[in-house]
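Residue numbers (the working numbering), protein chains in the order written: chain G, 687 to 1587; chain D, 12 to 121.
Even glycine gets a Cβ: it sits at the ideal position worked out from N, Cα and C.
Please read all numbers here as calculations on a predicted model, not as lab measurements.
Take a look at the structure set out below.
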């Protein structure tokens, strides 16, 4: 008979108790002969401070009531929890199905979150004030088209540093692939190249030793010192302190180890690096003062033409982005003008319209993001859809269970269990299931993250373990909560609308058809979402196959690129040329090598453009970019590029012989439309140069963009930079398998500490098709998952309906229906359920098409074969899912069915 | 009532109330009257403090309260001992007896 459940109740109870006390005391005193006034005074004297006591009692009671309510709530929760666990343990098959379904949904999301978070959201570790840190972006317009990028030359960096006041730190940072170590243990590793300012942008202290200082990162040569990464220190030096002071060969120079960075520090690099070196020391060693860049012989730190540095900066506190942009823009324009005084031939200021601005530190968020990040963001949405489908499925399973338990629930309501308690119980059950699904999802994400990274992202992104990454854990917790509530909602809604007396009377047959409307609704949704995902999968698969079928003009899968890295030892150009010829001859002798040829540029890796002059054309440059390749005889056969007309290079095209060139079809058509290019004269580098005669026309190639062919031409290696470039090697089998064998054979004839690096051309091209591969693989995986879930959902609903209608089937069979009639009836039902979903999904897919269109390759988002194929797939799945329940229904024994119940 | 006596009185008051309730559920007024009558009014206990003690012990779980009807048919809040309250009574009785014995011993040797 407690009434004091709330604040007012507590106050009332205290007043009632005290009122009773005073009434009794006064009555006693008056019985003893006091008049009412004296009795009141005496009673109050005996009691003391009434008002204070009253408040004190209310305070005590309130705290007691609060504690009691909390205890009650917790015991209710504990009871629901025990009840849920017991219920789930009684049905291990059901539990496993639900946990796996939710696990797949949550796992898909956690995996995609891990990737997209790393690409787009998570600031680099240890970065101070990430909101103020920025990558700098630069745009210069050339021939009416703006080239937007992050790279500048060292003198531009110095100009910007000197002429801006908005930043309290500004530094180059980039990752270079350099040979580390000496002798046979030499391995190419990623090296962080940075200015001393970088250390101030991060909240880090060296694990041992120290970081390098601005004095050690100063012109002209810098100091050859290095800070090791923690992982490299551990693996190469066993974490020994005496690593400090030792020498380490990195690239062309020896660096003194002065410190070790803390564990996990990578600067702005997206993935681990082995060591960090000052940009001045590294540039001095790798570019060197002896660099020959055309006629421009200024050292690298004064050469505006050498553009390779990415810059990072931090705005001063209180400086707005707009103010920083204005400041930076002014400094960059000043630098461009300064560059024009040195290189007057560059695009004039008014046409170049140089501009600069601060942008996201994460490259994939910046203006030059690649398609992979966009596709990954799409995949987050796709993963969300998969989770929705999983939830719909689980809701369906729970709903079926709730329908089966209708009687039990009705009995409990009749026994006085409140509906809110019942709701709590159902929600507890679905939350427990979702939590178990979350654990399964983490395991899947752990596995999926690894698979994604290795198979699809070329190890460019490191993903933390899903189990220990707090951001992933938080996302999974939110998903678990959402999934628990979503899946619990349907059966809960069903329960709260349950009509007790009906359920108790009918024994669970009437009403079933009506109730399964919600389940059918969920199925329609599932079918629709499956269609959307499968259409996406189809579109990306078609894109991928289109990309793969593009005539590149060469056989990437059978080509290896050999790059030469001279180390320290200065060599002369005669020896350099000789060495390259020797390497080519040695390679050609290898049994696994079909052909080898020299080249100076690599598709999707490097381009070379020089001025060309053709009689009758005012400015060849105005007609577009003509890219050049310096090739030795046999080059076209090595690459697999067809010669259309004329002849290929021969050994007769020597340095002293008449100058010749081969041009691509597009170039021939552009320069001499309607004429025969063979025999035409082109002057290379200067209009006073002797004629270079076109002797051949080659098939077009794609070298910088997958979308379009390039205007490309070839000069004999002997006649253009005979001392530069590397080799292309055509292998007899798949190129990557022979890379190591070729490397060992060629390394053997490399002089001194110099070395070769071998890269399969397919590896260089891989990032170009990565986004389609990522989209195709993930859409297909998620689409298949969605379809499987939808099929299971459909199966369970049809099977349930069939059991509910055993009676009806019995009657039909008794009235003479054939097995095939019954099967037809049920299968038709399955199709009827799925059809609206298919229609809805198709409409959504068509509507969403225009947003995916930019990510596709030569496929319309309304591609009819894809849509027809998906619709057919869903119908087939619907038939298959209803087939087994239909067969069961057709075997109903009418006697049994009619007697039951 | 002087403040110097408060500590002693606090524990003592709890003890007296617990003892009073060993004969069954009583409302606050009955507890107050019983203590006054039994001690022949020699212990001057402020009734406000008594109610505070009752409520505090209820919160601690030594007492359990319920609404019932008084002898003159009025709604009243009845207190009764819980198992925990009985344990407290035993423990405090023992402690008090020991304390009183020690004091008494000192006084005798004087």
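Task: Against chain G: residues of the segment 31-51 of chain D by CB proximity under 8 Å - done: 38, 39, 40, 43 and 44
- [ ] Leaving out five residues on either side along the sequence, give the residues of the same chain with a beta carbon under 7 Å from the beta carbon of residue 1405 of chain G.
- [x] On the first chain, residue 1405 of chain G is found 719 positions in, with the first residue counted as 1. If you ignore the 5 residues before and after residue 1405 of chain G, its C-beta comes within less than 7 Å of the C-beta of 1339, 1341 and 1345, all in its own chain and listed in chain order.
Task: Close Cβ partners of residue 1071 of chain G (< 8 Å) along its chain, the five nearest in sequence each way excluded - done: Within the first chain, numbered from 1, the residue matching residue 1071 of chain G stands at position 385. The answer, listed in chain order, is 1215, 1218, 1219, 1468 and 1472.
TODO: In angstroms with no decimal places, state the Cα-to-Cα distance between residue 1274 of chain G and residue 1246 of chain G.
DONE: Taking the first residue of the first chain as 1, we reach residue 1274 of chain G at position 588. Taking the first residue of the first chain as 1, we reach residue 1246 of chain G at position 560. Looking at the two C-alpha atoms, the distance is approximately 13 Å.
TODO: Compute the distance between the beta-carbons of residue 963 of chain G and residue 1457 of chain G, then report whether it is under 8 Å.
DONE: For the purposes of this step, residue 963 of chain G is identified with residue 277 of the first chain, where counting begins at 1. For the purposes of this step, residue 1457 of chain G is identified with residue 771 of the first chain, where counting begins at 1. No. Outside cutoff.
- [ ] Note down the Cα distance separating residue 1233 of chain G from residue 1387 of chain G, rounded to an integer number of angstroms.
- [x] Counting from one through the first chain, the residue named residue 1233 of chain G turns up at place 547. Counting from one through the first chain, the residue named residue 1387 of chain G turns up at place 701. About 14 Å.
Open item on the list: If the criterion is Cβ atoms closer than 8 Å, does the pair residue 1308 of chain G and residue 1322 of chain G meet it?
Closed with: As a position in the first chain, residue 1308 of chain G is number 622, starting the count at 1. As a position in the first chain, residue 1322 of chain G is number 636, starting the count at 1. Cβ atoms of residue 1308 of chain G and residue 1322 of chain G: not closer than 8 Å.
TODO: Would you kindly check if the distance between the Cβ of residue 822 of chain G and the Cβ of residue 836 of chain G is under 8 Å?
DONE: The residue given as residue 836 of chain G occupies position 150 in the first chain. The residue given as residue 822 of chain G occupies position 136 in the first chain. In this structure, residue 822 of chain G lies closer than 8 Å to residue 836 of chain G by Cβ.
Open item on the list: Mapping the DSSP letters down to three states, classify residue 938 of chain G as helix, strand or coil.
Closed with: Numbered from 1 along the first chain, position 252 holds the residue referred to as residue 938 of chain G. It is coil, neither helix nor strand.
Task: Cβ contact check for the segment 27-43 of chain D and the segment 85-93 of chain D: 3 or more pairs under 8 Å - done: The segment 27-43 of chain D vs the segment 85-93 of chain D: in contact.
- [ ] Could you tell me the distance, in whole angstroms, from the CA atom of residue 1222 of chain G to the CA atom of residue 986 of chain G?
- [x] Here residue 1222 of chain G refers to the residue found at position 536 of the first chain. Here residue 986 of chain G refers to the residue found at position 300 of the first chain. One C-alpha to the other measures close to 49 Å.
Open item on the list: My parser needs the alpha helix (DSSP H) runs of 4 or more residues fully inside the segment 1337-1395 of chain G; what are they?
Closed with: Listed in chain order, they are 1351-1357.
Task: Residue from G:1377, G:699 and G:1041 with nearest C-alpha to residue 1011 of chain G - done: Within the first chain, residue 1011 of chain G is the residue found at index 325, counting from 1. It is G:1041.
Task: Unbroken stretches of the alpha helix (DSSP H), 4 residues or longer, contained in the segment 1151-1183 of chain G - done: Whole alpha helix (DSSP H) segments, 4+ residues: 1156-1182.
Open item on the list: Check whether the segment 787-797 of chain G and the segment 1107-1127 of chain G touch, using three or more Cβ-Cβ pairs below 8 Å as the test.
Closed with: yes
Task: Whether residue 1229 of chain G touches residue 1462 of chain G by CB criterion (8 Å) - done: Numbered from its first residue, the first chain carries residue 1229 of chain G at position 543. Numbered from its first residue, the first chain carries residue 1462 of chain G at position 776. It is a contact, given that the beta carbons lie within the stated cut-off.
Open item on the list: Considering just the uninterrupted stretch of the alpha helix (DSSP H) at residue 1516 of chain G, what are its terminal residues?
Closed with: Taking the first residue of the first chain as 1, we reach residue 1516 of chain G at position 830. Its alpha helix (DSSP H) spans residues 1505-1538.
Task: Within chain G, the residues that residue 62 of chain D reaches when beta carbons sit closer than 7 Å - done: Mapped onto the second chain, residue 62 of chain D falls at position 51. Simply 739 and 743.
- [ ] Quick one: measure Cβ to Cβ for residue 945 of chain G and residue 894 of chain G, integer angstroms, because I've assumed they're closer than 8 Å.
- [x] Taking the first residue of the first chain as 1, we reach residue 945 of chain G at position 259. Taking the first residue of the first chain as 1, we reach residue 894 of chain G at position 208. Correct: roughly 6 Å between the Cβ atoms.
Task: Contact residues within the segment 741-769 of chain G, judged by C-beta distance below 7 Å to chain D - done: 742, 743, 746, 747, 749 and 750
Open item on the list: Please state whether the Cβ-Cβ distance between residue 1248 of chain G and residue 1450 of chain G is less than 8 Å.
Closed with: Here the question's residue 1248 of chain G lines up with position 562 in the first chain. Here the question's residue 1450 of chain G lines up with position 764 in the first chain. Annotated as distal: residue 1248 of chain G and residue 1450 of chain G, with beta-carbon spacing of 8 Å or more.
TODO: Starting from residue 711 of chain G, find everything on chain D with Cβ-Cβ shorter than 9 Å and list it in chain order.
DONE: Translated into the one-based positions of the first chain, residue 711 of chain G becomes position 25. Simply 40, 43, 44 and 58.
TODO: Could you say which of G:1281, G:790 and G:1296 lies nearest to residue 1318 of chain G if we only look at CA atoms?
DONE: Taking the first residue of the first chain as 1, we reach residue 1318 of chain G at position 632. Of the candidates G:1281, G:790 and G:1296, the one whose C-alpha sits nearest the C-alpha of residue 1318 of chain G is G:1281.
TODO: Would you list the one or two residues that DSSP bridges to residue 1413 of chain G?
DONE: Counting from 1 along the first chain, the entry for residue 1413 of chain G is found at position 727. G:1248 and G:1284, per the DSSP bridge assignment.
TODO: Please work out which residues of its chain come closer than 6 Å, Cβ to Cβ, to residue 1306 of chain G, disregarding the five sequence neighbours upstream and downstream, and give them in chain order.
DONE: Residue mapping note: residue 1306 of chain G aligns to position 620 of the first chain, counting from 1. Closer than 6 Å at the Cβ level, and outside the excluded window around residue 1306 of chain G, lie 1298 and 1300.
Task: Other residues of its chain near residue 1134 of chain G: CB distance less than 7 Å, five sequence neighbours each side excluded - done: Start at 1 with the first residue of the first chain, and residue 1134 of chain G comes out as number 448. Only 793 and 797 meet the Cβ criterion.
TODO: Give the single residue among G:924, G:929, G:880 and G:1362 whose Cα lies nearest to the Cα of residue 968 of chain G.
DONE: Residue numbering aside, residue 968 of chain G sits at position 282 when the first chain is read from its first letter. When only C-alpha atoms are compared, the closest one is G:880.
TODO: Measure from the C-beta of residue 735 of chain G to each C-beta in chain D and report whether the shortest distance is under 8 Å.
DONE: Mapped onto the first chain, residue 735 of chain G falls at position 49. Output row for residue 735 of chain G: interface = yes.
TODO: Alpha carbon to alpha carbon, how far is residue 1361 of chain G from residue 1460 of chain G? Give it in angstroms, no decimals.
DONE: Residue numbering aside, residue 1460 of chain G sits at position 774 when the first chain is read from its first letter. Residue numbering aside, residue 1361 of chain G sits at position 675 when the first chain is read from its first letter. Roughly 44 Å separates the two Cα atoms.
Open item on the list: I want to verify the contact list: residues of chain D whose CB lies under 7 Å from the CB of residue 703 of chain G, in sequence order.
Closed with: In the first chain, counting from the first residue as 1, residue 703 of chain G sits at position 17. Residues of chain D passing the Cβ test: 39 and 88.
Task: Beta carbon proximity, residue 1493 of chain G to chain D, threshold 8 Å - done: Indexing the first chain from 1 puts residue 1493 of chain G at position 807. Not one chain D Cβ lies under 8 Å of residue 1493 of chain G.
- [ ] Kindly indicate which residue of G:1065, G:1358 and G:713 has the alpha-carbon position closest to the one of residue 802 of chain G.
- [x] For the purposes of this step, residue 802 of chain G is taken as residue 116 along the first chain, with counting starting at 1. The candidate whose alpha carbon is nearest that of residue 802 of chain G is G:1065.
TODO: Give the interface partners of residue 10 of chain D over in chain G, defined as CB-CB distance under 8 Å, in chain order.
DONE: The requested residue 10 of chain D does not occur in the structure, where chain D is confined to residues 12 to 121.
- [ ] Give the DSSP-derived three-state secondary structure of residue 960 of chain G in the structure shown.
- [x] Translated into positions along the first chain, residue 960 of chain G becomes position 274. Of the three classes helix, strand and coil, the one that applies to residue 960 of chain G here is coil, per DSSP.
- [ ] Give every residue of the same chain whose Cβ lies closer than 6 Å to the Cβ of residue 839 of chain G, excluding the five residues on either side of it in the sequence, and list them in chain order.
- [x] What you label residue 839 of chain G is simply residue 153 of the first chain in a count that begins at 1. Contacts found: 990, 992 and 993.
Open item on the list: Which residues in chain G have a C-beta closer than 9 Å to the C-beta of residue 69 of chain D? List them in chain order.
Closed with: The residue labelled residue 69 of chain D in the question sits at position 58 within the second chain. Under the 9 Å cutoff, chain G gives 746, 747 and 750.
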